[in-house]
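Here's the structure, in structure tokens; my notes come after.
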Amino acid sequence: MPLETPLLALHRSSGATIGEYFGTLLPSSFGNFAAEYAALRETVGLVDTNFRAVFSFTGPDRQRYVNAILTSNVRDLTPGQGTTGLLLNAQGHILAEVETLAREDSILALSHGMIRERTFSTFDKFIIMDDVTLEDLTTSTGTLDLIGPRTAALLSELGVKTFAEMALLAHEDAMLGNIPCRIVRREFAGAPAAALIVSREKLPAMWSELAERVRVHSGTAAGMEAVNSIRIECGIPWFGHDYDDKQIPHEAGLEHSHISYVKGCYTGQEVVERVRSRGHVNRRIAELRFFSESVPAVGTKLLHDGTEIGIVTSAAISPALGQPIGLAYLRSEHSAAGTRLDASGIPAEVIVPPLPVKQASA
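Under the working numbering, think of the first position of the sequence shown as 2, with each following residue one higher.
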């Protein structure tokens with residue numbers, strides 16, 4: 002059974018279409034895909050991101066310990082800084098994507114709710130001689146995201162004057178109206194974005210407040226369908242959709258964004274270093290456009306000269322191109338831009354993200 006956002010009843014009552022993303026029932030659309038896409042690209046959109054799992058590490062050894070189990074450099078974080086990495090197994094396969102946020106007295110770790118139990122047990126099993134306490138905060142915590150060029154202006158009106166100057170993944174405590182939260186500075190599709198971490202009981206009030214605020218800024222609540230189209234236009238793979246424990250970081254194109262090569266040892270490092278020194282993987286994720294009006298199904302086989310050389314992992318309509326696009330794993334020798342493929346009867350071509358933005362008409 003899929004997980005459910007705590008706001009599911011609220012979304013259904015508003016007429017939102019519901020779909021499954023990251024193993025969680027979330028709004029696909031609030032009824033106007035073009036307006037939602039435009040808000041995320043041009044003004045500001047409010048997105049329900051309650052697919053996340055939230056963990057806390059406390060204790061004097063927390064930073065050394067978390068640094069030793071993730072690919073990112075947690076060792077050098079100071080309070081208010083963050084980083085994104087991967088939890089790997091000994092074979093270098095990806096068990097989880099994990100964002101770590103250093104606080105004065107703890108480290109918050111954000112991952113995906115659909116693998117919450119496995120991630121918690123993996124975090125926990127290596128705590129042997131370390132003075133570290135691990136806590137699962139998922140059931141008491143929620144998250145909402147603001148995405149788009151007017152995110153900073155909206156937050157400034159609510160009293161968060163520092164957001165525009167915050168570094169990527171910097172975070173701080175704030176009051177939005179009378180609701181306490183932690184704001185994390187993100188980017189999405191080249192535009193500013195903010196993740197708002199809040200007590201779960203405050204989620205409905207925060208959603209209502211922010212939904213009204215984005216409308217003032219000519220934005221709207223946006224479903225995952227629009228988010229999905231934009232992230233594929235940007236070539237951003239999603240955990241659980243485009244990669245999981247079947248892939249290593251280099252296959253998923255995460256070797257530059259999710260791995261520190263100066264931090265020291267971590268689980269799976271031997272495989273990562275071996276692949277880096279070899280400079281080659283047999284398959285890689287790539288972006289495709291499809292010469293068809295219909296979106297190919299996930300799992301569609303890709304052929305080159307009649308030989309199967311890949312498989313589609315994600316696909317959606319791209320307003321930027323006016324045609325379907327997708328992500329796929331391809332044999333490396335067939336992943337160059339311009340390579341023509343057959344997506345089980347649909348002509349396809351390898352392209353290079355990010356795609357040029359074309360305004361969608363609402």
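Beta carbons are placed, not taken as given, at the ideal position from N, Cα and C, and that holds for glycine.
Check                                                                                                                                                                        : Outcome
Quick one: grab the DSSP three-state call for T25.                                                                                                                           : strand
In whole angstroms, give me the CA-to-CA distance for I286 and D246.                                                                                                         : 15 Å
Give me, in chain order, the residues of the same chain whose beta-carbon lies closer than 7 Å to that of S261; leave out the 5 immediate sequence neighbours on both sides. : T72, S73 and N74
Write down every uninterrupted run of the alpha helix (DSSP H) in the region 61-86 whose length is 4 residues or greater and which is fully enclosed by it, in chain order.  : 63-70
According to DSSP, is R183 helix, strand or coil?                                                                                                                            : strand
If distances are taken between C-alpha atoms only, which option among A69, W239, M207 and A91 comes closest to V48?                                                          : M207
Quick one: what does DSSP say R232 is sitting in, helix, strand or coil?                                                                                                     : helix
Taking Cβ to Cβ, would you say S209 is nearer than 9 Å to I318?                                                                                                              : no
Which same chain residues end up closer than 7 Å to T59 when comparing Cβ atoms and leaving out the 5 residues on each side of it in sequence?                               : D106, S107 and T134
Output the boundary residues of the beta strand (DSSP E) element that contains M176.                                                                                         : H172 to L177
Can you give the beta carbon distance from D137 to A196, rounded, assuming they're within the 8 Å contact cut?                                                               : The Cβ separation is near 19 Å, so there is no contact.
I need the DSSP call for D125, collapsed to helix, strand or coil.                                                                                                           : helix
Is the beta carbon of H259 less than 9 Å from the beta carbon of L87?                                                                                                        : yes
Assuming Y38 and D131 form a contact by the criterion Cβ under 8 Å, report the distance between their Cβ atoms to the nearest whole angstrom.                                : Actually they do not touch by this definition, with Cβ atoms about 46 Å apart.
Whose C-beta lies closer than 7 Å to the C-beta of P354 among residues of the same chain, with five residues either side of it excluded?                                     : E234, C235, G236 and E288
Apply the 10 Å Cβ neighbour rule to P348 and answer buried if 16 or more other Cβ atoms are within range, or exposed otherwise.                                              : exposed
Pick from T314, L4, F23 and L41: whose alpha carbon is nearest that of T221?                                                                                                 : L41
Between A103 and the rest of its own chain, which residues show a CB-CB distance below 6 Å, the 5 nearest in sequence each way excluded?                                     : L78, P80 and Q82
Which residues in the same chain as T152 place their Cβ atom closer than 8 Å to its Cβ, once the five residues preceding and following it in sequence are excluded?          : V45, F164, A192, P193, A194 and A195
Could you check the C-alpha separation between T1 and A17 for me, to the nearest Å?                                                                                          : Here the chain comprises residues numbered 2 to 363, so residue 1 is not present and cannot be evaluated.
Apply the 10 Å Cβ neighbour rule to Q92 and answer buried if 16 or more other Cβ atoms are within range, or exposed otherwise.                                               : exposed
Spatial neighbours of T120 within its chain, please: CB distance less than 6 Å, with the 5 preceding and 5 following residues excluded, ordered by chain position.           : A97 and S112
Alpha carbon to alpha carbon, how far is M225 from D243? Give it in angstroms, no decimals.                                                                                  : 16 Å
Counting Cβ pairs closer than 8 Å, one from the region 269-278 and one from the region 249-256, do we hit at least three?                                                    : yes
Can you tell me whether I129 is buried or exposed? The criterion is at least 16 other CB atoms within 10 Å of its CB, across all chains shown.                               : exposed
How would you label P181, buried or exposed, when you count the other beta carbons within 10 angstroms and need 16 or more for buried?                                       : exposed
Only counting the same chain, and skipping five residues up and downstream in sequence, which positions put a Cβ closer than 8 Å to that of L11?                             : P205 and W208
Taking a contact to mean a Cβ-Cβ separation below 9 Å, would you say R214 touches E158 in this structure?                                                                    : yes
What whole-angstrom Cβ distance do G241 and F23 have, given they're in contact under 8 Å?                                                                                    : 5 Å
Taking C-alpha atoms, which residue in E271, R341, M115 and E294 lies nearest to E309?                                                                                       : R341
Expressed to the nearest angstrom, what Euclidean distance is found between the alpha-carbon atoms of L303 and E202?                                                         : 46 Å
By DSSP, does K264 sit in helix, in strand, or in coil?                                                                                                                      : coil
If we ignore side chains and look at the alpha-carbon of each, how far apart do C266 and A69 end up?                                                                         : 6 Å
Between V358 and the rest of its own chain, which residues show a CB-CB distance below 7 Å, the 5 nearest in sequence each way excluded?                                     : R42 and A321
Run the CB neighbour count on G114, radius 10 Å, all protein chains shown included, and call it buried at 16 or more, exposed below.                                         : buried
When the Cα atoms are used, what is the spatial distance from A329 to H218?                                                                                                  : 36 Å
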